[in-house]
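Visitor:
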Amino acid sequence: MNKPLRRIAIFCGLLVLTLLIRDNWLQYVQADDLKEDEHNRRVAIERYASPRGDIIVDGKAITGHATTKGDFKYKRTYKDGAMWAPVTGYVSQAYGATQLESIDDGILTGNDDRLFFRNTLDMVTGKKREGGNVVTTLNSAAQKAAYDGLKKQGAKGAVVALEPSTGKILSMASYPSYDPTSIAGSNEAAGEAWNKLQKKNSPDDPMLNRALREVYPPGSTFKVVTAAAALENEKYTSADDKTETPLPWTMPGTTTELKNEGDLPCENATLREALRVSCNTVFGKIGSDLGNEKMLEQAKKFGFTEEQFVPVRSNPSVFSADMAPSEVALSSIGQFNTAATPLQMAMVTSAIANNGTLMKPYMVDELQAPNLDTIEKTDPEEMSKPLSADNAQILQDMMETVVQDGTGTNAQIDGVTVGGKTGTAQHGVDNKENPYAWFISYAKGEDGSAPVAVAVVIEDENAVRDDISGGGLAAPIAKNVMEAVIDSKR
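Going by the working numbering, the sequence shown opens with residue 10, and the numbers climb by one from there.
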């Protein structure tokens, strides 16, 4: 070969080598970046070229699909979308995806690596790719009772119901809500709906999942945590031992008396009586006497200070360290710097109802392939033991007194043992805003097991202040949710 031909051959070889290097660089190094590039419409077009799998409740799909014009063939639809939005989240051709729709997107679109063999087989046979299903732990009757209760109240709020023995989430409702179908497309109507839902245009923030993402002062519902700390640290060993609580009681290091809500029989009251009428002085003094370290330790055992993943992320609930004794007293009655999500207070109630064992909360029971084969199954998992079985039963006895003959009588259910605790939490600078109304409760079956534990919180900005109470606003909703669960198991 002469010299010019040899040069041309070498040059062509280098061109081929460059092309090979570039091709491999694109396929293996830049593939993910190109796939996720916002300007790459091929990925989005392929994503909506086939129907998504469904999210399942009680064996029925709460999602669906519809055909659309343009590049995107299918869009997501939702049945009773506003009721289920805190569970499903949304998937939108224009605005992405959230919650279960995002977390389990691979299963729902059929792109999950665990479906690789099936997808490869479908390519060979020419069958179109299908999405799998996400089977939830939710109870449709309980969810309807929760959402309808909040809607009827007409105020912002949330409900979470758990199965204490497993940690299954039976209900997770938030109000106000939104219909994810309205923003599922990429047309002008979807854009208008999206803009209306943004917080700057809707101060009530309907897209906020209050059950998981909002933290509220828990008020007197936190007194069950303080009671658990008193029992676990052996400050008191019985529900009916008298406490050492003077009236009035001045908080340590201050000249400020901790007030009760009215003329209550709180002087040296027993734990049972103090919980029944909700004595601030008794539980404030218990928390102050035990000290910040022991109170924080007890709160952490119930899940405070840590994010929860159900699998959707829940904000951490708050109980502070390094507080003065007077601040510990206020925090021990659910005020000052104590704050909790509705999920967190449902977890507290669930652990007490489950004889001291807290199960990890979850709302996905299993993931299914398109042919309904199980890809992944969630097994119940113990999270912690916040209190002994004996102390849990003492606390159950106290909470049942609250419902039988205390502030929680609106939660009574004929023929069913119910335990609960009301809460009216101060809100705003100098307590100028309307308080939050709380109720936590559980129901027991005839065999002593507890099929459901519930937490309800109501933010009613328009109510007459004196009419706001956990027993009056939140307890009836909790009752309806518990009844729905009990009836569904009969």
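Virtual Cβ for every residue (Gly too), placed ideally from N, Cα, C.
1) Helix, strand or coil for Ser393 per DSSP?
2) Assuming contact is defined by CB atoms lying nearer than 8 Å, are Pro370 and Gln317 in contact in what I supplied?
3) Just to confirm, are Val144 and Asp414 a CB contact at a threshold of 8 Å?
4) Taking just the CA atoms, how far does Asn142 sit from Glu110?
5) Please determine if the segment 89 to 97 and the segment 176 to 195 are in contact, where contact requires at least 3 C-beta pairs separated by less than 8 Å.
6) Within this structure, are the beta carbons of Met368 and Pro389 separated by less than 8 Å?
7) Looking at the secondary structure, which residues open and close the beta strand (DSSP E) in which Asp121 lies?
8) Asp121: buried (16+ other C-beta within 10 angstroms of its C-beta) or exposed?
9) To the nearest angstrom, report how far apart Trp203 and Ile192 are at their CA atoms.
10) Under DSSP, the beta strand (DSSP E) around Asp374 begins and ends at which residues?
11) Pull up the CB-CB distance for Met372 and Thr72, whole angstroms please, since I reckon it's below 8 Å.
12) Compute the Euclidean distance between the alpha carbons of Asp89 and Ser393, then round it to the nearest angstrom.
13) Would you kindly work out how many angstroms separate the C-alpha atoms of Met260 and Val427, rounded to a whole number?
14) Could you tell me if Val357 is buried or exposed, where buried requires 16 or more neighbouring beta carbons within 10 angstroms of its beta carbon?
15) Give the single residue among Asn218, Ser101, Pro212 whose Cα lies nearest to the Cα of Thr3.
16) Let me make sure I understand the geometry here. Which of Arg51, Gly454, Gly479 has the alpha-carbon closest to that of Ala434?
17) Between Asn324 and the rest of its own chain, which residues show a CB-CB distance below 8 Å, the 5 nearest in sequence each way excluded?
18) Buried or exposed: Thr383, going by 16 or more other Cβ atoms within 10 Å of its Cβ?
19) If distances are taken between C-alpha atoms only, which option among Lys165, Gly105, Leu284, Ser326 comes closest to Pro212?
20) Mind checking Ala472: buried by the 16 CB within 10 Å criterion, or exposed?
21) If you scan the segment 332 to 383 from start to end, which runs of the alpha helix (DSSP H) of 4 or more residues do you find wholly inside it?
22) Grab the span of the alpha helix (DSSP H) containing Ile422 for me, first residue to last.
23) So, at 8 Å on beta carbons, what are the nonlocal neighbours of Val411 in its own chain, with the 5 sequence-adjacent residues on each side left out?
24) On a CA-only basis, which of Pro255, Ala278, Ile422, Lys232 is nearest Thr249? Give me that one, please.
25) Let's test the definition: count the other Cβ atoms within 10 Å of the Cβ of Glu253 and tell me whether it reaches 16, buried, or not, exposed.
26) Considering only their Cβ atoms, is the gap separating Ala239 from Lys294 smaller than 8 Å?
27) Kindly indicate which three-state DSSP category Ile71 falls into: helix, strand or coil?
28) Any idea what DSSP makes of Glu243, helix, strand or coil?
29) Helix, strand or coil for Phe448 per DSSP?
30) My output table needs one value for Met260: the three-state DSSP class, helix, strand or coil.
31) Anyone know if the C-beta pair for Thr314 and Pro227 falls short of 8 Å?
32) Following the continuous beta strand (DSSP E) through Asn142, name the residue where it begins and the one where it ends.
33) Is His436 helix, strand or coil by DSSP?
34) Does the Cβ of Thr290 lie closer than 7 Å to at least one heavy atom of the ligand PLP?
35) Suppose the cutoff is 8 Å on Cβ atoms and the five residues either side in sequence are ignored; what does the same chain contact list for Asn419 look like?
36) Am I right that Gly300 and Gln353 are in contact with their C-beta atoms under 8 Å? What's the rounded C-beta distance?
Guide: The structure says:
1) Position 384 of the sequence shown, counted from the start, is the residue given in the question as residue 393. In the structure shown, Ser393 sits in a strand (DSSP, three-state: E or B).
2) As a working note, residue 370 is residue 361 in the sequence shown. As a working note, residue 317 is residue 308 in the sequence shown. Yes, the Cβ-Cβ distance between Pro370 and Gln317 is below 8 Å.
3) The residue labelled residue 144 in the question sits at position 135 within the sequence shown. The residue labelled residue 414 in the question sits at position 405 within the sequence shown. Against a cut-off of 8 Å, the Cβ pair of Asp414 and Val144 comes out as no contact.
4) Here residue 110 corresponds to residue number 101 of the sequence shown, with the count starting at 1. Here residue 142 corresponds to residue number 133 of the sequence shown, with the count starting at 1. In this model, Glu110 and Asn142 are separated by some 11 Å (Cα to Cα).
5) Judged by pairs of C-beta atoms under 8 Å, the segment 89 to 97 touches the segment 176 to 195, as three or more such pairs exist.
6) Within the sequence shown, numbered from 1, the residue matching residue 368 stands at position 359. Within the sequence shown, numbered from 1, the residue matching residue 389 stands at position 380. Going by C-beta atoms, Met368 is nearer than 8 Å to Pro389.
7) Residue mapping note: residue 121 aligns to position 112 of the sequence shown, counting from 1. That residue, Asp121, is in no beta strand (DSSP E); it is neither H nor E in DSSP.
8) As a first step, residue 121 is located in the sequence shown; it is residue number 112 there, counting from the start. So Asp121 ends up on the buried side.
9) Walking along the sequence shown from the start, residue 203 turns up at place 194. Walking along the sequence shown from the start, residue 192 turns up at place 183. Between Trp203 and Ile192, the C-alpha separation is close to 6 Å.
10) For the purposes of this step, residue 374 is taken as residue 365 along the sequence shown, with counting starting at 1. 373 to 377 is the extent of the beta strand (DSSP E) around Asp374.
11) By 1-based counting over the sequence shown, the position of residue 372 is 363. By 1-based counting over the sequence shown, the position of residue 72 is 63. At roughly 15 Å, the Cβ-Cβ gap does not stay under 8 Å, so Met372 and Thr72 are not in contact.
12) Locating residue 89 in the sequence shown gives position 80, counting from the first residue. Locating residue 393 in the sequence shown gives position 384, counting from the first residue. If I take the Cα positions, the gap works out to 35 Å.
13) Here the question's residue 260 lines up with position 251 in the sequence shown. Here the question's residue 427 lines up with position 418 in the sequence shown. Taking the straight line from one Cα to the other gives about 34 Å.
14) As a first step, residue 357 must be located in the sequence shown, where it is residue number 348. When all chains shown are included, Val357 counts as buried.
15) With the chain running from 10 to 499 in the structure shown, residue 3 is simply not present.
16) Along the sequence shown, one-based indexing puts residue 434 at 425. If we check each option's Cα against that of Ala434, Gly479 comes out closest.
17) Position 315 of the sequence shown, counting from 1, holds the residue named residue 324. Once the five neighbours on either side are set aside, the close Cβ partners of Asn324 are Leu221, Arg222, Glu223, Val224, Glu316, Thr350.
18) Here residue 383 refers to the residue found at position 374 of the sequence shown. Its Cβ having fewer than 16 others within 10 Å, Thr383 is exposed.
19) If you number the sequence shown from 1, residue 212 lands on position 203. Among Lys165, Gly105, Leu284, Ser326, the Cα nearest to that of Pro212 is on Lys165.
20) Taking the first residue of the sequence shown as position 1, residue 472 is located at position 463. At Ala472 the pLDDT is 44, less than 50, meaning the model places this residue with poor confidence; the figure from the coordinates comes in the next sentence. Buried: at least 16 other Cβ atoms inside 10 Å.
21) 334 to 340, 351 to 362
22) Here residue 422 is taken as the residue at index 413 of the sequence shown, counted from 1. Careful: Ile422 lies outside any alpha helix (DSSP H) and carries neither H nor E.
23) Start at 1 with the first residue of the sequence shown, and residue 411 comes out as number 402. Its chain contains Leu284, Arg285, Gly417, Gly428, Gly429, Lys430, Thr431 as the residues whose beta carbon lies nearer than 8 Å to that of Val411, once the 5 sequence neighbours on both sides are disregarded; these appear in chain order.
24) Working through the sequence shown from its first residue, we reach residue 249 at position 240. The question names Thr, yet the displayed sequence has Asp at residue 249. Nearest option by C-alpha distance: Ala278.
25) Taking the sequence shown and counting its residues from 1, the one referred to as residue 253 is at position 244. With fewer than 16 other Cβ atoms within 10 Å, it is exposed.
26) The sequence position of residue 294 within the sequence shown is 285, counting from 1. The sequence position of residue 239 within the sequence shown is 230, counting from 1. Their beta carbons are not under 8 Å apart, which means Lys294 does not touch Ala239 by this criterion.
27) Within the sequence shown, the letter at position 62 stands for residue 71. Residue state, collapsed to three classes: coil.
28) Stepping through the sequence shown from its first residue, residue 243 is reached at position 234. Residue state, collapsed to three classes: coil.
29) Start at 1 with the first residue of the sequence shown, and residue 448 comes out as number 439. Strand at Phe448.
30) Position 251 of the sequence shown, counted from the start, is the residue given in the question as residue 260. It is coil, neither helix nor strand.
31) For the purposes of this step, residue 314 is taken as residue 305 along the sequence shown, with counting starting at 1. For the purposes of this step, residue 227 is taken as residue 218 along the sequence shown, with counting starting at 1. No, the Cβ-Cβ distance between Thr314 and Pro227 is not below 8 Å.
32) As a first step, residue 142 is located in the sequence shown; it is residue number 133 there, counting from the start. Counting along the chain, the beta strand (DSSP E) containing Asn142 begins and ends at 142 to 145.
33) Indexing the sequence shown from 1 puts residue 436 at position 427. At His436 the pLDDT is 49, less than 50, meaning the model places this residue with poor confidence; the figure from the coordinates comes in the next sentence. Residue state, collapsed to three classes: strand.
34) The ligand content of the structure shown is nil, which means the ligand PLP is not present either.
35) On the sequence shown, residue 419 is found 410 positions in, with the first residue counted as 1. Same-chain partners within the cutoff: Gly480, Gly481, Ala484, Pro485, Lys488.
36) As a position in the sequence shown, residue 300 is number 291, starting the count at 1. As a position in the sequence shown, residue 353 is number 344, starting the count at 1. Not quite, the Cβ-Cβ distance comes to about 22 Å (not below 8 Å), so this is no contact.
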